[in-house]
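Structure record follows, encoded as structure tokens.
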Amino acid sequence: MLSKELTKNILDELELASQAFARFQSASQLTCPEGCGKCCFNPEVSCTPYELLPLAFYLLENNLAEDFLEKAKASLGEHCLLLTVIDKDKGKGNCSQYKFRPFVCRAFGVAARSNKNNLNELSICKTLKEQSSFNLDDIHTKLTGEVPLLEVWKKRLEVIDPALNTIEKPINEALLIMLEKLLLLNSYLSF
Ligand code: SF4
Numbered sequence: 284m285l286s287k288e289l290t291k292n293i294l295d296e297l298e299l300a301s302q303a304f305a306r307f308q309s310a311s312q313l314t315c316p317e318g319c320g321k322c323c324f325n326p327e328v329s330c331t332p333y334e335l336l337p338l339a340f341y342l343l344e345n346n347l348a349e350d351f352l353e354k355a356k357a358s359l360g361e362h363c364l365l366l367t368v369i370d371k372d373k374g375k376g377n378c379s380q381y382k383f384r385p386f387v388c389r390a391f392g393v394a395a396r397s398n399k400n401n402l403n404e405l406s407i408c409k410t411l412k413e414q415s416s417f418n419l420d421d422i423h424t425k426l427t428g429e430v431p432l433l434e435v436w437k438k439r440l441e442v443i444d445p446a447l448n449t450i451e452k453p454i455n456e457a458l459l460i461m462l463e464k465l466l467l468l469n470s471y472l473s474f
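According to my numbering, the residues represented by the sequence shown are 284 to 474, in order.
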């Protein structure tokens with residue numbers, strides 16, 4: 284059931300994920316360059332609709348939900364509609380809803396995933412690899428055990444509510460789905 288309590292729990296968990304990934308980025312000195320928004324221009328960046336529940340609630344409470352519903356419909360297949368583009372050619376932009384960004388946006392850059400042999404494998408974004416003055420093999424061997432695992436953090440979100448285990452969709456589509464759900468519910472319950 285969509286509720287303010289669920290919203291708070293999701294946002295708290297997302298914040299913890301941000302802190303874990305930021306700590307690792309700082310320890311490995313693989314922090315994203317100022318103003319870089321290259322990842323956000325990829326229209327395939329995906330999340331589950333539930334990760335956008337906090338944003339959808341915020342939009343509803345500020346009478347912006349209908350506007351964003353229309354924007355989401357018009358932006359399907361395009362880059363994230365929450366991105367404020369500064370310079371598309373240079374991949375520069377800012378997230379206009381940084382506080383409410385979904386999990387994937389908090390784990391951009393550096394993360395680890397389990398490979399088919401059940402070993403943690405580092406995944407580092409191309410921009411960070413190019414700018415790193417570090418020996419990436421060193422980071423791989425010394426820090427892999429400390430890098431936050433994508434699967435673990437995704438599971439933690441599911442633990443809040445099994446209903447959160449939904450299929451990931453490109454962000455604009457995920458927002459559209461969540462806003463439609465919330466607006467429909469609001470028409471019956473009025474939050
Ligand atoms: S929500 Fe923000 S950080 Fe995530 S893809 Fe969109 S613009 Fe980028």
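Yeah, the Cβ is synthetic: ideal placement off N, Cα and C, and Gly gets one too.
Same chain, Cβ closer than 6 Å to residue i, five either side skipped, listed in chain order
i: Asn-398; result: Glu-404
i: Gln-380; result: Leu-338 and Leu-365
i: Leu-402; result: none
i: Ile-407; result: Val-393
Near the ligand SF4: residue i beta-carbon under 7 Å from a heavy atom
i: Val-368; result: no
i: Gln-380; result: yes
i: Ile-460; result: no
i: Arg-439; result: no
i: Leu-365; result: yes
i: Gly-320; result: yes
i: Pro-385; result: yes
i: Cys-315; result: no
i: Cys-323; result: yes
i: Cys-388; result: yes
i: Ile-454; result: yes
i: Val-328; result: yes
Residue from the options with nearest C-alpha to residue i
i: Gly-392; options: Lys-452, Leu-432, Leu-342 and Lys-291; result: Leu-432
i: Gln-308; options: Val-430, Pro-337 and Glu-353; result: Val-430
i: Pro-266; options: Pro-385, Ser-406, Thr-314 and Pro-326; result: Absent from the structure is residue 266, since the part of the chain shown begins at 284 and ends at 474.
i: Glu-413; options: Lys-291, Lys-287 and Thr-314; result: Thr-314
i: Pro-453; options: Cys-330, Glu-353 and Ala-355; result: Cys-330
i: Asn-455; options: Lys-409, Lys-356, Leu-347 and Cys-319; result: Lys-356
i: Cys-319; options: Leu-285, Leu-343, Ala-457 and Lys-409; result: Lys-409
i: Leu-411; options: Ala-394, Asn-400, Asn-401 and Glu-298; result: Ala-394
i: Gly-374; options: Phe-351, Phe-340 and Cys-323; result: Cys-323
i: Asp-350; options: Tyr-471, Leu-458 and Leu-468; result: Leu-458
i: Cys-388; options: Ser-358, Glu-463 and Gln-302; result: Gln-302
i: Leu-359; options: Glu-344, Lys-382, Leu-466 and Val-328; result: Val-328
i: Lys-382; options: Ile-369, Thr-290 and Leu-285; result: Thr-290
i: Lys-371; options: Lys-321, Glu-353 and Leu-465; result: Lys-321
i: Glu-344; options: Ser-286, Glu-296, Glu-298 and Leu-297; result: Ser-286
i: Leu-440; options: Glu-353, Leu-335 and Leu-462; result: Leu-335
i: Leu-347; options: Pro-445, Asn-400 and Leu-466; result: Leu-466
i: Asn-292; options: Glu-353, Tyr-471, Pro-316 and Val-442; result: Val-442
Contacting residues, own chain, Cβ-Cβ under 8 Å from residue i (five flanking each side not counted)
i: Ala-390; result: Ala-300, Phe-304, Pro-431, Leu-433 and Trp-436
i: Ile-460; result: Pro-332 and Lys-452
i: Asn-325; result: His-362
Chain-order list of residues whose beta-carbon lies under 7 Å from that of residue i (same chain, five-residue window excluded)
i: Leu-294; result: Pro-337
i: Thr-367; result: Gly-376, Asn-377 and Ser-379
i: Tyr-341; result: Phe-383
i: Leu-468; result: Leu-285
Any chain D beta carbon closer than 8 Å to residue i
i: Glu-349; result: The structure shown contains no chain D; it is built from a single protein chain.
If we require 3 or more residues per run, which beta strand (DSSP E) segments fall completely within the segment 351-410? 366-370, 375-378, 393-397 and 403-407
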